[in-house]
Structures are given as structure tokens and as C-alpha cells.
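Asker:
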Amino acid sequence: MDIPEPSLDNLPMKWLFDLFPVILFFVAYKIAGLYTATAVAIVATFAQIGWLRVRGRTVEPALWLSLGVIVVFGGATLLLHDEAFIKWKPTVLYLLFTVGLVVAQAGFGRNPMRAVMGRQIELPEPVWRWLNHAWAAFFALLAVANLLVAHYFSTDTWVNFKLFGVTALMLVFVFAQALVLSRFVATDETQDRDSP
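Just so you know, we're using this note's numbering here: the sequence shown kicks off at 66 and counts up by one.
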């Protein structure tokens, strides 16, 4: 049986592919504890990249960044036997995403969200800018939320939040974003039908 390619044309599969290390981290944590889960997450991220390379697919910059952050913070967790580092990892990653989105738009006039989604939908330029800023703000919110949960709650609660809480927040955000964007896509399609 051939596994479907993770692509933007198959969003549920891509979402599952992106969550692969987090799911394995969660399962390994429940079975063998945080340090084993950290090692599993590092190996899973390497496996993701290896799978993409073997299939001749492009490894997105976000995945390379995720690999770097998990190796540094996960490695520090394992070497120093200190769970604080792995708990910081999501916050650092989300902040790097936030900075990347903002700097690409403000500093280089590039819109990463259009680069990712531009083949699927057409939007006016102000909407692309809004979308880029919305994702940057969302990642900043996730960074703060992770920090608060990691600091004020138990490790078990943090692990559950990492999989279920972040996934739920992401689904709500994507659904809300789809509702907003549907107005502009519908407007564009209406204009296309009305034009001679």
C-alpha cells in the first residue's frame, strides 16, 4: 500500500505529517517518560526529512528550522537531563516563525503565506498582508501560551497541551481564517462570472 504524498492538495495528510513528531512524542511520553519522548521526537523529525528526501520532495524551510530547534533544545534536555529545555522548544520555534513572517514581509517585501497558499487561492494584496500578520500574531500567541503552560502546570499537562491544546487552537484559527477568506474568494469568483 502506497502512503499518500503530504501536499497542499491533501491537507489532512499534510496536517498528519506535520504532527507526526508531536504524536510520537506524546505516545513515547505516556509509555516511557519525557527523556525517551524527546529522543523519539528528534528521530521522528530526522525521519520526516529523510522520507521527503528519499521521495525527491522539497523539504520546507519550516521543517529544517524545526529540526534545528528540536536538535538544540532536545539535545540540551538529554545531555543536561533538564526538562526545561524541551518545554522551551515550542516557544522558541513559534517565535522564530513569528519573526520570519514579519521580517519577510516588512524587511524584504515577501509574503510567506502567499508563497505557501498562492497556488490554491487568489486574494487581493491587502488580504495577503493581513493573512501574513494574522499568522505571525497566532504564532506569537502560541509561543506565550506554551510558556505559560510549561511554567505554571505539570509536565503531564504541558504534554497534553502540546498535542491537544495546540491542535485545537490551530483548528479554530484555521476555521476562522477560512470564514474570513471565503468572503474574498467568493467576491473574486462573482466578479469573474460577471466580467464579459
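Think of the CB as a built atom: it goes at the ideal place given N, C-alpha and C, for glycine as much as any other residue.
Could you check how far apart the C-beta atoms of residue 150 and residue 162 are, in whole angstroms? I think they sit under 8 Å.
Answerer: Position 85 of the sequence shown, counted from the first residue, corresponds to residue 150. Position 97 of the sequence shown, counted from the first residue, corresponds to residue 162. Contact flag wrong, Cβ pair sits at about 19 Å.
Asker: Between residue 225 and the rest of its own chain, which residues show a CB-CB distance below 7 Å, the 5 nearest in sequence each way excluded?
Answerer: Your numbering for residue 225 matches position 160 in the sequence shown. Here the set comprises nothing.
Asker: Sorted by chain position, which residues of the same chain lie with C-beta nearer than 6 Å to residue 208's C-beta, five sequence neighbours on each side aside?
Answerer: Against the sequence shown, residue 208 aligns to sequence position 143. For residue 208, where only same-chain residues beyond five positions count, the Cβ hits under 6 Å are 156, 159 and 160.
Asker: Can you name, in chain order, every residue of its own chain whose Cβ lies under 8 Å from the Cβ of residue 134, other than the five neighbours on each side?
Answerer: Stepping through the sequence shown from its first residue, residue 134 is reached at position 69. The residues are 154, 157, 158 and 161.
Asker: According to DSSP, is residue 131 part of a helix, a strand, or is it coil?
Answerer: For the purposes of this step, residue 131 is taken as residue 66 along the sequence shown, with counting starting at 1. In this structure, residue 131 counts as helix in the three-state DSSP scheme.
Asker: Would you please state the rounded distance, in angstroms, between the beta carbons of residue 215 and residue 223? I believe it to be under 8 Å.
Answerer: Translated into positions along the sequence shown, residue 215 becomes position 150. Translated into positions along the sequence shown, residue 223 becomes position 158. The pair is a contact, with the Cβ atoms about 5 Å apart (cut-off 8 Å).
Asker: If you count every other CB in all the chains shown that lies within 10 Å of the CB of residue 213, and 16 or more means buried, which is it?
Answerer: Counted from its first residue, the sequence shown places residue 213 at position 148. Counting of Cβ neighbours within 10 angstroms places residue 213 among the exposed residues, the total staying below 16.
Asker: Can the beta-carbon of residue 188 be found less than 8 Å from the beta-carbon of residue 87?
Answerer: To locate residue 188, count along the sequence shown from 1; it is residue 123. To locate residue 87, count along the sequence shown from 1; it is residue 22. It is not a contact, given that the beta carbons lie outside the stated cut-off.
Asker: Using the beta-carbon count (16 or more within 10 Å), is residue 255 buried or exposed?
Answerer: If you number the sequence shown from 1, residue 255 lands on position 190. Since pLDDT at residue 255 reaches only 44, below the 50 mark, its modelled position is unreliable, and the value read off the structure follows with that caveat. Its Cβ having fewer than 16 others within 10 Å, residue 255 is exposed.
Asker: Could you check what DSSP says for residue 247 in three-state terms: helix, strand or coil?
Answerer: The residue given as residue 247 occupies position 182 in the sequence shown. Assignment of residue 247 by DSSP, reduced to helix, strand and coil, places it in the helix class.
Asker: For residue 222, name the three-state secondary structure that DSSP assigns.
Answerer: For this step, residue 222 is matched to residue 157 along the sequence shown. Reduced to three states, the DSSP call for residue 222 is helix.
Asker: Indicate the three-state DSSP secondary structure (helix, strand or coil) for residue 118 in the structure shown.
Answerer: Within the sequence shown, residue 118 is the residue found at index 53, counting from 1. If DSSP states are grouped into helix, strand and coil, residue 118 belongs with the helices.
Asker: Can you confirm whether the segment 170-184 touches the segment 231-242 when touching is taken to mean that 3 or more C-beta pairs between the two stretches lie within less than 8 Å?
Answerer: no
Asker: Taking 8 Å as the threshold (C-beta atoms), are residue 148 and residue 262 in contact?
Answerer: What the structure shows of the chain is the stretch from 66 to 261, and residue 262 is not part of that stretch, so it cannot be assessed.
Asker: Could you tell me which of 171, 80 and 78 sits nearest to residue 195, measuring between CA atoms?
Answerer: For the purposes of this step, residue 195 is taken as the residue at position 130 of the sequence shown. Among 171, 80 and 78, the Cα nearest to that of residue 195 is on 171.
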